[in-house]
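Report on one structure; see the data block that follows.
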Amino acid sequence: MRTFCYFLFGAFLFYVDSIIALIIPMNIGNKEIVFVPHLLLMYLLILTIYKKPSIAITLAIIFGLTTDLYYGTIYGLNTFGYVLFVVLMDYFFKVYYRDHSMVFFGIWIFIIIFEIYTVIIYG
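Residues in the sequence shown are numbered consecutively from 10, following my numbering.
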């Protein structure tokens with residue numbers, strides 16, 4: 010039952026993420042900037058630290074496939090990225106679960122790396 014609640018909260022964050030991206034586009038000069046908060050990826054990374062990583066990997070696969078089918082033009086990009094960053098978060102930052110500033114820093118770094126990864130793939 011608890012795992013199902015993790016899934017429901019992840020689905021809620023998936024839709025909130027897409028709503029925020031649609032509502033808050035910004036124009037700076039001639040450039041349109043779309044603000045994507047990556048709430049779902051943050052949730053998966055936090056779930057990796059404070060709960061079982063196997064739950065986070067399962068949800069990363071499910072929501073990665075959902076994101077790829079819903080948004081993506083390259084299938085597997087978000088699935089691979091979500092799973093990769095969940096595994097890296099488990100490997101590098103699992104020992105810092107009590108230090109909240111280090112967990113925040115790790116999540117922040119992984120979100121930036123995920124954005125760079127996405128920009129490199131999409132060009």
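All C-beta atoms, glycine included, are put in the ideal place defined by N, C-alpha and C.
Between residue 59 and residue 106, the gap from beta carbon to beta carbon is short of 8 angstroms.
Around the beta carbon of residue 49, 16 or more other beta carbons lie within 10 angstroms, which makes this residue buried. Restricting attention to 39, 93, 86, the CA atom closest to the CA of residue 65 is found in 93.
Partner residues in the beta bridge of residue 43, as assigned by DSSP, are 34.
Of 90, 86, 118, 89, the smallest CA-CA separation from residue 101 is found for 118.
For residue 96, the uninterrupted alpha helix (DSSP H) run begins and ends at 86–102, by DSSP. When DSSP states are grouped into helix, strand and coil, residue 107 belongs to the coil group. In this structure, residue 127 lies away from residue 99, with their beta-carbon atoms at least 8 angstroms apart. When Cβ pairs closer than 8 angstroms are counted between the two stretches, the segment 32–42 is seen not to touch the segment 81–96, the count staying below three. Residue 116 is classed as buried because its beta carbon has at least 16 other beta carbons within 10 Å across all chains shown. For residue 81, there is no enclosing alpha helix (DSSP H), since its DSSP letter is neither H nor E.
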